[in-house]
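For the protein sequence lines, the chains are A and B, in the order given.
Sequential numbering from 1 applies to the first sequence in our numbering.
Sequential numbering from 518 applies to the second sequence in our numbering.
Here is the structure we will look at.
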Amino acid sequence: MVEMRRICKSFPGVVANDHVDFDVRSGEIHALLGENGAGKSTLMNVLAGLYKPESGVIKIKGRVVNFNSPRDAIHAGIGMIHQHFMLVPSQTVTENILLGLEEPRFHLNLREYDRIVFELGERFGLKVDPRAKIWQLSVGEQQRVEILKMLYRGADILIMDEPTAVLAPQEIEDLFVTLRAMAAEGKSIIFISHKLQEVMAIADRVTVLRKGKVTAAGLDARSTTRQELARQMVGRDVVFRVEKKPKEPGKVVLSIRDLHADNDKGLPALRGVSLDVRAGEIVGLAGVAGNGQRELAQVITGLRKCRSGQITLNGEPMTNRSALFGILRGVAHIPEDRTHVGTAPNLSVTDNVIMKQYRHPPLDRHGFLNMPFANKFALQLKSEYDIMVPTVETPVRLLSGGNLQRVILAREISGHPSLLVAVQPTRGLDVGAIEGVHRLLLQQREANAAILLISEELEELLSLSDRVFVIYEGQIMGEVKIEPGEEPSSELIETIGQMMTGTPLEKVHLGKAEQHV
Amino acid sequence: MSESAPVPVPKRRRFFPYRLRLEPRLKEPPAWYPVVLSVGAIVVALVIGGLVIAVAGGNPFASYAHIAQASFGSIGVLSDTLVKATPILMTSLACSIAFRMKLWNIGAEGQFIMGAFGASAVVLVPLFPPETSAWVVLPTMMLAGILAGALWGLIPGLLKAKLNVNEIISTLMMNYIAVSWINYWIFAVWTEGGFQMSPVFPKNAWLPRLLDYADAVPFFRGLTTHAGLLMGILVAILLWLVIYRSRWGYEIRLIGDNPRAAEYAGINITRNTVLVMILSGALAGLGGMSEVAGTVHRLQTSPIAAGYGFTGIIVAWLSKLNPLVAILVSVLFGALLLAGREIQPSGIPKMIQGIILVCLIGSDFLMRYRLHIERIAEEA
Numbered sequence: 001m002v003e004m005r006r007i008c009k010s011f012p013g014v015v016a017n018d019h020v021d022f023d024v025r026s027g028e029i030h031a032l033l034g035e036n037g038a039g040k041s042t043l044m045n046v047l048a049g050l051y052k053p054e055s056g057v058i059k060i061k062g063r064v065v066n067f068n069s070p071r072d073a074i075h076a077g078i079g080m081i082h083q084h085f086m087l088v089p090s091q092t093v094t095e096n097i098l099l100g101l102e103e104p105r106f107h108l109n110l111r112e113y114d115r116i117v118f119e120l121g122e123r124f125g126l127k128v129d130p131r132a133k134i135w136q137l138s139v140g141e142q143q144r145v146e147i148l149k150m151l152y153r154g155a156d157i158l159i160m161d162e163p164t165a166v167l168a169p170q171e172i173e174d175l176f177v178t179l180r181a182m183a184a185e186g187k188s189i190i191f192i193s194h195k196l197q198e199v200m201a202i203a204d205r206v207t208v209l210r211k212g213k214v215t216a217a218g219l220d221a222r223s224t225t226r227q228e229l230a231r232q233m234v235g236r237d238v239v240f241r242v243e244k245k246p247k248e249p250g251k252v253v254l255s256i257r258d259l260h261a262d263n264d265k266g267l268p269a270l271r272g273v274s275l276d277v278r279a280g281e282i283v284g285l286a287g288v289a290g291n292g293q294r295e296l297a298q299v300i301t302g303l304r305k306c307r308s309g310q311i312t313l314n315g316e317p318m319t320n321r322s323a324l325f326g327i328l329r330g331v332a333h334i335p336e337d338r339t340h341v342g343t344a345p346n347l348s349v350t351d352n353v354i355m356k357q358y359r360h361p362p363l364d365r366h367g368f369l370n371m372p373f374a375n376k377f378a379l380q381l382k383s384e385y386d387i388m389v390p391t392v393e394t395p396v397r398l399l400s401g402g403n404l405q406r407v408i409l410a411r412e413i414s415g416h417p418s419l420l421v422a423v424q425p426t427r428g429l430d431v432g433a434i435e436g437v438h439r440l441l442l443q444q445r446e447a448n449a450a451i452l453l454i455s456e457e458l459e460e461l462l463s464l465s466d467r468v469f470v471i472y473e474g475q476i477m478g479e480v481k482i483e484p485g486e487e488p489s490s491e492l493i494e495t496i497g498q499m500m501t502g503t504p505l506e507k508v509h510l511g512k513a514e515q516h517v
Numbered sequence: 518m519s520e521s522a523p524v525p526v527p528k529r530r531r532f533f534p535y536r537l538r539l540e541p542r543l544k545e546p547p548a549w550y551p552v553v554l555s556v557g558a559i560v561v562a563l564v565i566g567g568l569v570i571a572v573a574g575g576n577p578f579a580s581y582a583h584i585a586q587a588s589f590g591s592i593g594v595l596s597d598t599l600v601k602a603t604p605i606l607m608t609s610l611a612c613s614i615a616f617r618m619k620l621w622n623i624g625a626e627g628q629f630i631m632g633a634f635g636a637s638a639v640v641l642v643p644l645f646p647p648e649t650s651a652w653v654v655l656p657t658m659m660l661a662g663i664l665a666g667a668l669w670g671l672i673p674g675l676l677k678a679k680l681n682v683n684e685i686i687s688t689l690m691m692n693y694i695a696v697s698w699i700n701y702w703i704f705a706v707w708t709e710g711g712f713q714m715s716p717v718f719p720k721n722a723w724l725p726r727l728l729d730y731a732d733a734v735p736f737f738r739g740l741t742t743h744a745g746l747l748m749g750i751l752v753a754i755l756l757w758l759v760i761y762r763s764r765w766g767y768e769i770r771l772i773g774d775n776p777r778a779a780e781y782a783g784i785n786i787t788r789n790t791v792l793v794m795i796l797s798g799a800l801a802g803l804g805g806m807s808e809v810a811g812t813v814h815r816l817q818t819s820p821i822a823a824g825y826g827f828t829g830i831i832v833a834w835l836s837k838l839n840p841l842v843a844i845l846v847s848v849l850f851g852a853l854l855l856a857g858r859e860i861q862p863s864g865i866p867k868m869i870q871g872i873i874l875v876c877l878i879g880s881d882f883l884m885r886y887r888l889h890i891e892r893i894a895e896e897a
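Here's what the structure looks like:
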């Protein structure tokens, strides 16, 4: 049905797809697996006509196509269902499905169309009331409307971008039933996911992407194992390592016990997380994005309330206290989102580096800001942290990603934190900048700060951390120790890979034991 | 299914072989650029306005000369311009502090009116015996004006902070309540012989004017510029210090630019929302006091509820929320208001105001983008 050959697509600074080949047969469910940023969505956006590839050939049903817009792709029978639904909340299901179509032209015989939509739903097991208004529907039902929309437009190749991310477990089951029904009718389904379990449960074949390249093409899902897929997805090559001295950790700085919290959608994101971070050690938190890492960082730094559990900082309880409470006690936070959380884009470098310390002298002078000192402080950080910017009055929105990250690091580290929560500190940075960030984190370790490093880069975690916890769906799967100065064994990496995809540490060991017998 | 065979692109002949392309600016433009841009925008606006005047049958050059003459032509009219500028300055300061935090307070008008009411109430209740010194009466009036205005800001502020009620709607609606409120008092309680205005205030409730000192300085004869202008300038300087030099101002700027970063920096947004709305209302209220005690000298709807709160929004915006720049822009708008009446009670002058505003706001676009004119390559 679909043949994609040597597709290349790059964005400023990243090669999202590097000569990717991809095939889909008719009537199959084909999973596209990979970590965040592996290039899955890019590839599918190319297929759906949203992006134009720089090179490569796409053939649909044996014919070479050249899409200029999503409309062309829909004409060719390709329908993409995005993570964020594109529905009009105040209109009914049928109205949403008809939206933007040429037929009906003027007279809306809604009853007739309600019937057609209903029958279409029956055929594929997509139960939804055609006359219900979108806002009345659950997320799962809205997804069904999106699928119906594509089916109504005659799509026979459906791309589903992480369809389970927004669904409750029961809804996931329903979705899988639907997908099988559609495949049985000869439709091809491309299922984008980074969740191994689901992929094993639903897919006929699997293609794995890593860093824009295909690492496994069209594997038969039945004849492969989760371990194998995890390995393909995460990779095992540790590219570079930084100098890390052995160091005896000090007292416990951050202690988390049985933490439960919800995500923005109100679904449980943390389900009983417990971990400790000691002074002078880097504790890594590994996991595929969206397994609760973001929420954990937010709860620790006071930006999100938890439902239950305890957090203490140097023995002092700080569960559900404000962000200010932590800031005043030396909690530093390198947020995942540099531009939307970490900085104020239109304010100057100076204004941005004093964000955490303006409350105290010498920056504060009886309610006024000591601007000469602030400027001196900013200039000092600029040279100390190599922030490339003409003047410290420059608004930070004009800074590159690496420089912006240096501004944040300079600010957070200059406060001599006792706890540093670093979330994805090197995402989107080039190699040189990454090394700089790593060096700074290790310096903080030397300075006896407790560091919680949350990252999706396994290599980074392995080269920096003293210990690594693995989180999966809001639960800690296990903890492994990393010996300083040693290459992590491939066995260790494999163990982490398995934990990242949902196998608790005990079971990993159990599996190994069985293999040995 | 669409045909996949490539469709030949027809060769098009371009009538105008250039294309305008916009590119986001990646570097901060030089310091002179915003000034030149603003002046350029005003020139463009005046040209458009001149065309409009010409179409309406007037002589644009004569009209503009007349406007300049009528607002800056002599010391007398200049003083009148400053009188007009005073309430605008106060309301624009009120708006600029709120807008700085991206709180869209459209209610400076109502807060201004309530300030005038509060100040008037001190005189009309009356709170003091007739022979009380102005040094007691005027500060009390200021306080009352500030409090009444602050209350009018506090209500939408609380609604926004606690219940996330859209402040644009609530402040706008509170304007109408304020007008009705003073109407009630003027019609029913403080009416002067059935007219819809209160009695004239006694002299101890008048802000000092330049002409009051004409005995000492003959030059001041007939000049009605009053102490409200001084208050306005003082407040502008203070507000500048608060916004750019104080801890609180820093918090406001941070929230205004990126509320999520502010939250991340441990700043309490809810509390600041209420505080800024109180301050904004208080400033507008002080403006109302200054107008009633400096110019009108009685509580009366039409000269008080004359739209100064709305003009303040425009001025705040044009001055890029900088209180010191707002002083200049207020004088400009005072002149336009004054001169406008010289030409026509309403209509063309208001329209020119509108054109200037649109051009200035439109020009802001060029602060962020640069225009490229490029030749289109002939496509084969």
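Glycine included, C-beta positions come from ideal geometry on N, C-alpha and C.
These numbers come from a predicted model, not from an experiment.
- Between Leu800 of chain B and Leu610 of chain B, the beta carbon gap of about 5 angstroms places them in contact (Cβ cut-off 8 angstroms).
- By the CB criterion at 8 angstroms, Ile844 of chain B and Ile750 of chain B fall inside the cutoff.
- The criterion of a C-beta distance shorter than 8 angstroms is satisfied by Ser588 of chain B and Ala856 of chain B.
- In the assembly as shown, Glu243 of chain A is an exposed residue. Its beta-carbon has fewer than 16 other beta-carbons within 10 Å.
- According to DSSP, residue pairing for Leu158 of chain A in a beta bridge involves A:Gly79 and A:Ile189.
- A straight-line Cα-Cα distance of about 52 angstroms links Asn17 of chain A and Ile565 of chain B.
- A contact between stretches requires three or more CB pairs, one per stretch, nearer than 8 angstroms, and the segment 773-789 of chain B meets this requirement with the segment 343-354 of chain A.
- Contacts with chain A (Cβ-Cβ distance below 7 angstroms) from the segment 770-785 of chain B involve Arg770, Leu771, Asp774, Asn775, Arg777, Ala778, Glu780, Tyr781, Ala782 and Gly783, listed in chain order.
- Comparing alpha carbon positions, the residue from B:Ala573, B:Leu756 and B:Met806 closest to Val639 of chain B is B:Met806.
- In terms of Cβ geometry, Asn403 of chain A and Ile387 of chain A form a close pair [threshold 8 angstroms].
- Beta-bridge annotation (DSSP): Asn17 of chain A is paired with A:Lys9.
- Residue ranges of uninterrupted alpha helix (DSSP H) with 4 or more members, entirely inside the segment 728-772 of chain B and ordered along the chain, are 744-762.
- Chain B has no Cβ within less than 8 angstroms of the Cβ of Val283 of chain A.
- Any Cβ of chain B closer than 8 angstroms to the Cβ of Phe368 of chain A would place that residue at the interface, and such an atom is present.
- Here the alpha carbons of Gly125 of chain A and Ala203 of chain A stand approximately 19 angstroms from one another.
- Between Ile78 of chain A and the set A:Leu458, A:Val65 and A:Ser90, the nearest pair of CA atoms involves A:Val65.
- Note on the segment 461-504 of chain A: whole beta strand (DSSP E) runs with a minimum of 3 residues are 467-472 and 475-481, in chain order.
- Contact annotation: Gly415 of chain A and Gln475 of chain A have beta-carbon atoms that are not nearer than 8 angstroms.
- Met1 of chain A sits away from Ile81 of chain A, with the two beta carbons spaced by 8 angstroms or more.
- Residues of the segment 345-365 of chain A with a C-beta atom less than 8 angstroms from some C-beta of chain B are Pro345, Asn346, Leu347, Asp351, Ile354, Met355, Lys356, Tyr358, Arg359 and Asp364, listed in chain order.
- For the segment 352-433 of chain A, the continuous beta strand (DSSP E) assignments of 3+ residues that do not extend past its boundaries occur at 419-423, in sequence order.
- Within the DSSP bridge table, the entry for Glu709 of chain B names B:Phe712 as partners.
- Distance from the CA atom of Lys211 of chain A to the CA atom of Gly798 of chain B, rounded to whole angstroms, is 55 angstroms.
- Secondary structure of Val809 of chain B (DSSP, three-state): helix.
- Under the 8 angstroms criterion on CB atoms, Ser763 of chain B is classed as interfacial with respect to chain A.
- When C-beta distances to chain B are compared with 7 angstroms, the residues of the segment 305-324 of chain A below that value are Ser322, Ala323 and Leu324, in chain order.
- Contact annotation, Glu162 of chain A with Ile192 of chain A: C-beta distance approximately 6 angstroms; criterion of less than 8 angstroms satisfied.
- For Val341 of chain A, the neighbours in chain B by C-beta distance under 7 angstroms run, in chain order, Arg777, Ala778 and Tyr781.
- For Val65 of chain A, the uninterrupted beta strand (DSSP E) run begins and ends at Arg63 to Val65, by DSSP.
- Using a CB distance below 7 angstroms, no part of the segment 202-224 of chain A faces chain B.
- The beta-carbon distance between Leu209 of chain A and Gly34 of chain A, rounded to whole angstroms, is 4 angstroms. This is short enough to meet the 8 angstroms contact definition.
- Counting along the chain, no alpha helix (DSSP H) covers Asp220 of chain A; the unbroken beta strand (DSSP E) around it starts and ends at Lys213 to Asp220.
- Across the structure, Ala183 of chain A and Glu102 of chain A are spaced so that their CA atoms are roughly 28 angstroms apart.
- Within 10 angstroms of the beta-carbon of His814 of chain B lie 16 or more other beta-carbons, which makes it buried.
- If you check the CB distance, Val299 of chain A and Leu419 of chain A do not come in under 8 angstroms.
- For Asp204 of chain A, no alpha helix (DSSP H) encloses it, and the DSSP letter there is neither H nor E.
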